[in-house]
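What follows is one structure encoded as structure tokens, with my remarks underneath.
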Amino acid sequence: MLLCLDEASIGIIWAPICCKGLEAAELHGQVNVIFGPPPSSPVEATDCHEPHAISVSMPASPSGLHIVQAKKVLFIDKAGPTAIDGQPNQPSDSDSINSRQPQQGKFHSQPISAGNSCGKPTEGKVSDPFESQLRIPRNDSQRDKRFDPFKTWSGKLERQLSNLRGKPQEPDLEAANDCHSAENETVPAVDRYFDALEGPELDTLRATEVSVLPEDKKWPFLLRFPISSFGMCLGVSSQAILWKTLAISPSMSFLHVSLTVNLVLWCISLALMATIFLIYFLKIIFFFEAVRREYHHPIRVNFFFAPWIACLFLVLGLPPSVTVNVHAAIWYVLMAPIFCLELKIYGQWMSGGQRRLSKVANPSNHLSIVGNFVGALLGASMGLKEGPIFFFAVGLAHYTVLFVTLYQRLPTNATLPKELHPVFFLFVAAPSVACMAWAKIHGDFDYGSRIAYFIAMFLYASLAVRINFFRGFRFSLAWWAYTFPMTGAAVATIKYSMEVTNVLTQSLSVGLSAISTFTVTALLVSTIIHAFILHDLFPNDISIAITQKRPKFSKKLAHLRSASSDMKDIEASLPKNNPELEL
Amino acid sequence: MLLCLDEASIGIIWAPICCKGLEAAELHGQVNVIFGPPPSSPVEATDCHEPHAISVSMPASPSGLHIVQAKKVLFIDKAGPTAIDGQPNQPSDSDSINSRQPQQGKFHSQPISAGNSCGKPTEGKVSDPFESQLRIPRNDSQRDKRFDPFKTWSGKLERQLSNLRGKPQEPDLEAANDCHSAENETVPAVDRYFDALEGPELDTLRATEVSVLPEDKKWPFLLRFPISSFGMCLGVSSQAILWKTLAISPSMSFLHVSLTVNLVLWCISLALMATIFLIYFLKIIFFFEAVRREYHHPIRVNFFFAPWIACLFLVLGLPPSVTVNVHAAIWYVLMAPIFCLELKIYGQWMSGGQRRLSKVANPSNHLSIVGNFVGALLGASMGLKEGPIFFFAVGLAHYTVLFVTLYQRLPTNATLPKELHPVFFLFVAAPSVACMAWAKIHGDFDYGSRIAYFIAMFLYASLAVRINFFRGFRFSLAWWAYTFPMTGAAVATIKYSMEVTNVLTQSLSVGLSAISTFTVTALLVSTIIHAFILHDLFPNDISIAITQKRPKFSKKLAHLRSASSDMKDIEASLPKNNPELEL
Amino acid sequence: MLLCLDEASIGIIWAPICCKGLEAAELHGQVNVIFGPPPSSPVEATDCHEPHAISVSMPASPSGLHIVQAKKVLFIDKAGPTAIDGQPNQPSDSDSINSRQPQQGKFHSQPISAGNSCGKPTEGKVSDPFESQLRIPRNDSQRDKRFDPFKTWSGKLERQLSNLRGKPQEPDLEAANDCHSAENETVPAVDRYFDALEGPELDTLRATEVSVLPEDKKWPFLLRFPISSFGMCLGVSSQAILWKTLAISPSMSFLHVSLTVNLVLWCISLALMATIFLIYFLKIIFFFEAVRREYHHPIRVNFFFAPWIACLFLVLGLPPSVTVNVHAAIWYVLMAPIFCLELKIYGQWMSGGQRRLSKVANPSNHLSIVGNFVGALLGASMGLKEGPIFFFAVGLAHYTVLFVTLYQRLPTNATLPKELHPVFFLFVAAPSVACMAWAKIHGDFDYGSRIAYFIAMFLYASLAVRINFFRGFRFSLAWWAYTFPMTGAAVATIKYSMEVTNVLTQSLSVGLSAISTFTVTALLVSTIIHAFILHDLFPNDISIAITQKRPKFSKKLAHLRSASSDMKDIEASLPKNNPELEL
């Protein structure tokens, strides 16, 4: 049985039973790419009713790899009708096209680093516009080479395979490939991300920048599949926790919520998690360079916490009918990657490089904090003692730092969006989870828990009254990650209502749960619309396609905006083009 | 009976019995303005011994408003001998006067926005100096129009009234009025406040700026009555609390303080509060634009917490002879405006506009924090439980943020005075009130309370040893707000001395109480001197009279200082006029 | 018996029995300088087996001072073979030497302020190179006058003594001396320290700066003896505490550590402390100007806490065989200077001058925090109650501020080293001591203690995994101060292992203790090598020898780097010398 990897494939998770979706996807008619899954998927899909659905064996010998390679060609060439790359438009007569086209060609010939001397065409020499047109089809005759730098085995292996097949590549292309592989070693510096991208999630290319991947063409699906997709797992699995809490809390017993809702949501979460884990694992295997660039993206890196937090959520939301006792080892296994990531990320904040906190502070950093509290909550629920306090302490210290930093809105915080944005709801996540974690650690919902809970409530209210600021944003998959704080606040409120049971707290619990479920539903609908109707759930992930150096031709423009935000403030306060100055 | 609204009127509160002061005021001979008070004053002056003193009925129908209008004319024209606006000085012969006078005239003709195109006179055209002189008296023949933009009903209503009276206004003036009313819609942006004003309280106009209101003339009293006047209520009512605590604390029983002191101080506080509430309420009614501008002033806005905190103080200082049980509803009523203001102010800190914390951080922000702790203290004293913890938690989180931010002294904190200033005593307020609040919430003076108390003590000591930095400042009504932290520290020390009763803590209690009472007395004397002898207790409130745009003629000068403080630092570190650079 | 003050003298402390070292030192053959110790040394060397070793009586009458003076001449003239100051090199013929030499001469003639008008030679006039050569020997004929500005009694007293001896000084020299004494009144401003020095400890002169003291000559020993030498006391006395804890902790009983190790280490600490206290006391007496400049050095000032913290450590590490009960007065005596320094330092952070926190924040500030917790720990161990909580509270508040500030890495933090540095281990000190202090105050190792402990552990781990960043640094005596946090973490872990006794915590205790002891041993070996083999343990202390004003000839260069770090960032982001800009 085959697994399709496209927007359609996401249909798996919306289908009531996980494997029915495949049929739906096939009905959708876009089963383009066929992969053998990796030998050891990080998530064992043990609960999937048809586990053999994704258990195709991997070719063991390197010689078998050309099959994969061939499949990849299929995979890459599924350019839609919009992705014809401008070539069909015959350069009619205009000079402007003449001067534009060669430049495009130039960038095709050296995808990764536009400013690099390796294979750099002579500046000023106007190359024949037809040459580039001819060259591209020549490359395309086999396959689109432009994605090669992001492929894990693009350079060496492929040439070996070609040679094995007795068809040596052209020497100039080989040189270019060598050049690429040398460039692959380094990812863009953090400054480049700040310079080249804009938007609250740093995911839009600035006008003066060029992408190393073709912007006018749909990229391979795996390249377009971002780490922030795990946000969906966060959203759905936290809903499973919410409905479990609603079902088992005495203060909510008047609602008569069945545990079945929890079971269904949990199964969906598990299937979703398995799917996304699998796809991202494939991305790691086949497009490691793209993963590396995501990891170096100053905002995207925080989403690397999402898979592990989602796993913690899965264990927290475990339906009582499935199991009640989880072995402590699970906790240690899940906390290990979080601990390692924290050592890395918090260390970067402190150690004064380009990723220092005064530069990268952004509400999405909360994702790197909240894992501590979720881990503490799960650990304390499982009866552990010291471990949860450890993570609680680490979380507390760094939450204080992050809370103060984000509240201050330092002008040096390059990535902090100017205006409010859904990402600000992450502010609510840490204190609401912390309140539950402390209640579990301490044994009762004491002053500490209440202080955390009330801070979360105030922040929630503070954001809710500014709800009109949250309109007009472009939908993004990352929004899923911003729903779980609402769910967390709802769960914390239910816990609080068990301590202070009255009409007000019960209404608040119901209200917040309703808001949370409504938001997730709305987002689900949006996601389905984008996936199946608009077909743009996974747009080209421009964030990973920035050049390593600033493009040459945009330097003059760049001068006007390259200065730091401080400088911009200074400039802003100076009147522009003031004629009186010259007098 | 009539209420006089002038410096003299403030005499009410200093007279031993509140209404005797009126006679004193009348003796003072400046009862210029006569107002009917509004129908529903926000504070019911029920405890004043002669409540009818301020209960004159308001005209109910709009047609009655022309009486008020007529009164306002009286009100406005009470220009003292110093306020002749320069016109009587005949322009003898000098060119310098010639060139100065028209400019003045120009600004009179377009009060709000000097840089606005609406009714802008042609640049460079030297208008006849006599014209402006003629024009002003022509306006003055009816009344001074320059205050119109700040009046609530200046534009529409007045013209309606004029038309009713059958005397249509000149069309050009009408056009100008339209222009004004359009401009009224917007208040100056925060940047303008920073650009146009200076001083630790941002209350002095910079040399390059012009005021939209005449600087050489005393303004109407209500326009000069700032929100910071509520500081007086804070100072006096906190004294009432201090003397109540001194009287009832077992550890202070050796002082044999009578509760009568508390009763007297509390009555004075109540009368003062009623008076100031009434006057400010009139300002809201008649000069809403001025109130709006105070609310948008980045420092003044913090004083909008003062009325509610003072009310909380009043309830806290309630003499046992008056009542001991206060209904919980009072607490909810008083905390509601504080909660709303906090949602607004803290949200602005976070949401990244021009009022973000890294820009507006100033010790006066403590006023927006301390309300949480005062509310928590009162609520816990009244036996409430969850509400006080809520406000304590909100206060704790935001106090941490503010404490760190103020201690860091970010160079971007535009409003933070370069040197120490009495406003720094507000640092002591939050922890000393927090210590009492936590002791009430928790039930005993435990470690948490002690930590807060000792932090307050250290900050107090840290400021006290720098007392020589606190000299040479111009007296300001805002200083009253800076006395209550001292009183708070004294009260906290008395509470602490009840836990740890020994000679040291008792001496410290006596000492701090003495300092607090001495400071309040000294400020009282200063206030009386300024009110009755110097007649400058309420100087023109320049803070609200800045233009919306930077005045044209000062642009060149402004370039030299418009850059942000970072830029200034950079400039400062560069040697000025260095001849070696040109070599 | 005589006390030698040179690197050799430090041998005292390394010799097994403290006074045997003197013989070793004498064998070393460099007993150059002979001092009578001050009448009342701050540390009573009661435990030294031969106390008379350092108890030579001080001359009581001023007339006796010329003996000291004569000794000082000896002291100063011990210029080694590397310190011939260039004069013996005859200016052969080159112009370059001609133009360099006078400049040197110039600076010799006005050591303190190169830009000062006092005795300023005419710019541009090329003075005779031979003149300076002649002038210096003329001065040197008696002694090197260049160190005079740093001597406490250089000006007045010396001349009085000269006159007494019937040998009046040359009038021009006298005038120069007057000039110097006037200049002595002021130390360089903080900005000068930032401008003139570089390196993570601000102890290296920038290329464009000149030293007021000869850089090519070894200075008098006392001038080279920095306050950071007390770091050694911190390192050794904390080891005494560690071994005491290892010996008496039940959870560590399987190691069978003897208390004798503690006793030996404690005696060494005491002797070391007495020695360093004595030497530094002599520096205060004879080179007060140098001490003053150390006190104004923005990083060095934090080391002024070290002596008192080391004293606290000594009391904490007191061997049970010596005494178990310490009088509470000791605690008050030791905490008084810490409290005063804190009032000074924390006040400077807040009060917005050049020493505000956003400018001076540096991990060495932790030294000014950790004293609070050490004091709280000692006080609580001695059975005090309120005092320890006071210092704990002060420490907590300011640690929060410092922790957030350092984690943020504000671009304005001028002294924060760009990369990690051993000084970052000070991060671990405060929470690990705080955890023990809170456990003592509260009576058990509760949640608060664990939170502090786990924060310390995480920070330790965070630094340990970055251990490769800590290579390639030049050895510095200040490193000693960075070892005690490791020891603190080890002691805290032992305390924790008493609460949670299992193999993991016991192994961790052993491991951290081993690392700590290993580090101290390694540093001890390095110190011995630098002291006895390389003879550069105390290099010229450039930090105190910066000029008060920027040297003239370096102004042009200085322009390029004088701007604040913000400006540098801005400049860095702008391409340098971009030819395309001019097009």
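From first to last, the protein sequence lines are chains C, D and X.
As numbered in my numbering, residues 1 to 583 make up the first sequence, in order.
As numbered in my numbering, residues 1001 to 1583 make up the second sequence, in order.
As numbered in my numbering, residues 2001 to 2583 make up the third sequence, in order.
Heads up, the beta-carbon is just placed ideally off N, CA and C, and yes, glycines get one too.
| Query | Result |
| --- | --- |
| Beta-carbon separation (whole angstroms), PHE1391/D vs MET1335/D, contact threshold 8 Å | 7 Å |
| Top-ranked residue by Cα proximity to LEU1542/D, from GLY1231/D, PHE1277/D, LEU1197/D, VAL1401/D | Per the sequence shown, residue 1542/D should be read as Ile rather than Leu. It is LEU1197/D. |
| Local conformation of LEU2416/X per DSSP, three classes | coil |
| Any C-beta of chain X under 9 Å from that of THR400/C | yes |
| 9 Å Cβ cutoff, VAL1404/D in contact with chain C | yes |
| Chain D within 9 Å of ARG2356/X, Cβ atoms only | yes |
| Interface flag, LEU2384/X vs chain D, CB-CB below 9 Å | no |
| Under the three-state DSSP convention, the category SER526/C falls into | helix |
| CB contact flag (PRO431/C, ALA464/C, <9 Å) | no |
| Burial state of PRO1319/D (16 or more Cβ within 10 Å) | buried |
| Where the segment 470-501 of chain C meets chain D: residues whose CB sits under 8 Å from a CB there | VAL500 |
| The segment 1264-1273 of chain D / the segment 1343-1351 of chain D touching (three or more Cβ pairs under 8 Å) | no |
| Inter-residue CB distance, LEU1426/D and PRO1485/D (contact presumed, cutoff 8 Å) | 6 Å |
| Beta-carbon neighbours of LEU1396/D, restricted to chain C and to distances below 9 Å | ILE451, ILE455 |
| Listed by chain order, chain X residues near TYR193/C by CB distance under 9 Å | The premise fails here: TYR193/C is roughly 14 Å from chain X at the closest Cβ pair, so nothing lies under 9 Å. |
| ILE2330/X versus GLU386/C: straight-line alpha-carbon distance, rounded | 37 Å |
| The ligand COA heavy atom lying under 8 Å from the CB of LYS283/C | The model depicted lacks the ligand COA and carries no ligand whatsoever. |
| Contacts around LEU246/C, its chain only, beta-carbon distance under 7 Å, and the 5 residues preceding and following it disregarded | MET252, LEU255, VAL257, ILE494, SER513 |
| Where the alpha helix (DSSP H) through SER432/C begins and ends | 426-442 |
| Residues of the segment 2339-2355 of chain X whose Cβ lies closer than 7 Å to any Cβ of chain D, in chain order | LEU2343, TYR2346, GLY2347, TRP2349, MET2350, SER2351, GLY2352 |
| Selection from PRO250/C, VAL525/C, PHE304/C that minimises the alpha carbon distance to SER229/C | PHE304/C |
| Identity of the residues DSSP links to GLU2198/X by a beta bridge | THR2204/X |
| Own chain residues within Cβ distance below 7 Å of VAL2315/X, not counting five before or after | VAL2326, ILE2330, LEU2378 |
| Opening and closing residue of the alpha helix (DSSP H) in which TRP308/C lies | 306-316 |
| Rounded C-alpha distance that separates LEU557/C from LEU202/C | At LEU557/C the pLDDT is 46, less than 50, meaning the model places this residue with poor confidence and gives no usable figure here. |
| For TRP2243/X and PHE1518/D, the rounded distance between their alpha carbons | 55 Å |
| Secondary structure of LEU134/C, DSSP reduced to three states | The predicted model places LEU134/C with a pLDDT of 36, which falls under 50 and marks its position as unreliable; any figure quoted below should be read in that light. In the structure shown, LEU134/C sits in a helix (DSSP, three-state: H, G or I). |
| Whole runs of the alpha helix (DSSP H) within the segment 337-378 of chain C, excluding any shorter than 4 residues | 357-360 |
| Whether HIS398/C touches ASN372/C by CB criterion (9 Å) | yes |
| Proximity below 9 Å, CB of LEU1282/D to CB of ALA1545/D | no |
| Beta-ladder partner(s) of ILE1546/D, from DSSP | SER1211/D |
| Short Cβ contact (9 Å threshold) for ILE2279/X with LEU2222/X | yes |
| Buried or exposed by the 16-neighbour rule on C-beta atoms within 10 Å, applied to VAL1324/D | exposed |
| Whole-angstrom distance between SER2368/X and GLU2342/X, CA atom to CA atom | 7 Å |
| Residue of VAL1236/D, TYR1295/D, ILE1241/D, ILE1227/D minimising C-alpha distance to TYR1193/D | TYR1295/D |
| First through last residue of the alpha helix (DSSP H) which encompasses MET252/C | Where MET252/C is concerned, there is no enclosing alpha helix (DSSP H), given that its DSSP letter is neither H nor E. |
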